[in-house]
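Below is one structure, written out as structure tokens, with a few remarks after it.
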Amino acid sequence: PPLDAPTLYCSWYWYGLNYTEEYLLRDLQALKNLAFRKPFDVFLIDESWGIQLWGDFMPNKRFPSGMKFAADKIKESGYIPGIWTPPFLVSPTSDLVRNHPEWVLKTSLGENHTFRMNDKEHWIIDPTYPGVLEHLEESFRKLSEDWGFMYFKFDFMRAVFLDGDYSFYDPHVNRLEAYRMGLEAIRRGVGSDAYISVCGGHYGGSLGIANSQRSGSDVVSFWDAKEVPKFRQNILRTWMNRLWQVDPDAMMVRRNDIPEFEGSHAKLSLGQFTDNEARVNALNQYIGGGLVTFTENYESLDADRLELYKHIIPSVNSSSFPIDWNDPVLPSIMVTRVEPLCQDIENWNTIALVNWTDQVKTISFTLDEQALKSLPGDDFLLFEFFSQEVKGLYK
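6 is the number of the first residue of the sequence shown in my numbering; add one for each residue after it.
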């Protein structure tokens with residue numbers, strides 16, 4: 006992976022499909038005027054930009070000036086332009102399907118294979134069919150060279166390998182090989198300098214091509230029973246940071262009890278975390294040591310929640326190690342070795358302790374090799390981060 010993990014704003018977890026050119030221009034202006042002065046790198050336009058005829062890669066009426074205009078405005082504001090696409094999915098009513106119906110992946114019965122995304126049935130493009138790889142390469146070259154995007158979030162990548170009932174045009178190619186062929190063509194299109202973030206893909210099949218890969222499931226802006234399994238995924242995959250930059254999905258810490266928008270994605274704009282839950286969300290970004298993603302409405306973000314971002318932006322660029330990795334429920338002790346870029350500052354370690362239960366719990370750890378990670382010396386000063394209290398010297 007690249008040496009420094011980027012930090013990015015993603016439009017999805019506030020706006021969903023409601024993001025528009027008008028909102029984009031407003032957000033870019035807000036970043037200049039308001040208190041959100043954190044040094045992030047990428048401004049990502051998520052799913053809302055397309056005409057929903059995937060395969061054609063054309064902007065919808067929400068972006069009347071086109072996507073090159075959007076990318077140019079992002080660059081003018083000092084950020085790297087990012088864009089979301091589902092490369093292997095095609096709409097049954099797209100021009101691509103109308104012109105090349107033979108490119109659609111078939112089942113063993115010869116029927117068009119379907120994949121459901123956001124309550125709609127899509128078809129899947131067959132990377133082994135002659136002409137498809139060239140189409141992928143040319144399409145993403147347009148997004149990169151013509152439009153100017155340099156960060157690519159590729160979603161629903163599993164569509165091309167998830168089901169065993171695939172009948173590729175080339176019978177000698179298996180599912181993983183087809184996935185790899187398609188991703189290689191896309192990389193040729195976007196160029197070697199572009200950043201590729203894979204969501205819902207194949208870890209091994211993306212190795213050497215993807216700059217980052219999602220380490221956990223999609224997040225929400227309120228705590229529910231599914232939250233702990235998501236944290237488990239991210240905590241137990243921090244080791245992957247040596248292969249690519251892990252992506253724990255977006256951080257949200259806002260307070261908002263009334264949805265900003267209507268429709269099926271209305272809940273995206275909520276913000277119902279307690280203070281402790283908000284801290285755990287910040288920790289979820291910190292421990293990976295890779296990609297840091299966030300989605301907020303800058304104009305309504307409370308000062309104390311905004312403060313949390315200064316502790317994770319930019320990325321610490323060092324993944325945590327769970328000491329109790331074999332805990333049957335979820336690791337609760339995670340150590341991060343912090344190596345400052347300023348060589349005049351010595352290394353230090355942070356130790357994150359999390360009580361995942363609703364009951365009071367005592368968590369203890371030993372200052373052994375796992376916790377110290379080769380820090381020199383025999384006496385260590387312990388400082389509690391959130392309370393900002395010195396706890397004393399320990400041997």
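Glycine included, each C-beta is placed from N, C-alpha and C at the ideal position.
No experiment lies behind these values; they were computed from the predicted model shown.
Closest in C-alpha terms to residue 179, from the list 204, 201, 193, 210, comes 210.
For residue 264, the number of other beta carbons within 10 angstroms of its own is below 16, and it is reported as exposed. In terms of Cα proximity to residue 325, the closest of 315, 314, 340, 239 is 340.
In this model, residue 95 and residue 21 are separated by some 20 Å (Cα to Cα).
A Cβ-Cβ separation of about 6 Å places residue 354 in contact with residue 378 under the 8 Å criterion. By the C-beta criterion, the segment 98–115 is judged not to be in contact with the segment 72–90, since fewer than 3 inter-stretch pairs fall below 8 Å.
Inside the segment 191–222, DSSP marks whole alpha helix (DSSP H) runs of 4 or more residues at positions 208–211, from first to last along the chain.
When only Cα atoms are considered, residue 183 and residue 277 end up about 42 Å apart.
In the DSSP assignment, no residue is bridged to residue 317. Excluding its 5 nearest sequence neighbours in each direction, residue 389 has C-beta neighbours in its own chain below 6 Å: 396, listed in chain order. Around the beta carbon of residue 207, a 10 Å sphere encloses 16 or more other beta carbons of the protein chains shown; the residue is thus reported as buried. Going by C-alpha positions, residue 119 is about 38 Å away from residue 260. The three-state reading of DSSP puts residue 170 in coil, since its state is none of H, G, I, E or B.
Approximately 29 Å separates the beta-carbon atoms of residue 19 and residue 360; this is outside 8 Å, ruling out the contact. With at least 16 other beta carbons inside 10 angstroms of its own, residue 156 counts as buried. Pairing residue 328 with residue 364, the inter-Cα distance amounts to about 22 Å. Closest option to residue 357, judged by alpha-carbon separation, among 351, 309, 343, 304: 343. In chain order, 91, 93, 94, 120, 122, 204, 205 place their CB closer than 8 Å to the CB of residue 161, counting only its own chain and leaving out the 5 sequence neighbours on each side. Separation of residue 239 and residue 212 (C-alpha to C-alpha, rounded to the nearest whole angstrom) is 18 Å.
By the 16-neighbour rule on beta-carbons within 10 angstroms, residue 279 is exposed. Boundaries of the alpha helix (DSSP H) around residue 37: 26–38.
In the DSSP assignment, residue 86 falls within the unbroken beta strand (DSSP E) covering 85–90. Between residue 124 and residue 85, the beta carbon gap of about 31 Å keeps them out of contact (Cβ cut-off 8 Å). Note on residue 216: 16 or more other CB atoms within 10 angstroms of its CB, so buried under the neighbour-count rule. If you compare the alpha carbons of 366, 386, 362 with that of residue 372, the shortest gap goes to 386.
Going by beta carbons, residue 255 and residue 15 fall inside the 7 Å limit.
Out of 102, 11, 54, 12, the CA that lies nearest to the CA of residue 27 is found in 54. Annotation: the continuous alpha helix (DSSP H) that includes residue 20 extends over 17–20.
Excluding five sequence positions before and after residue 181, the CB atoms of its chain that fall closer than 7 Å to its own CB belong to 166, 207, 210, given in chain order. Taking C-beta separations shorter than 7 Å and ignoring five residues to either side along the sequence, the partners of residue 71 in its chain run 64, following chain order. Boundaries of the alpha helix (DSSP H) around residue 233: 232–240.
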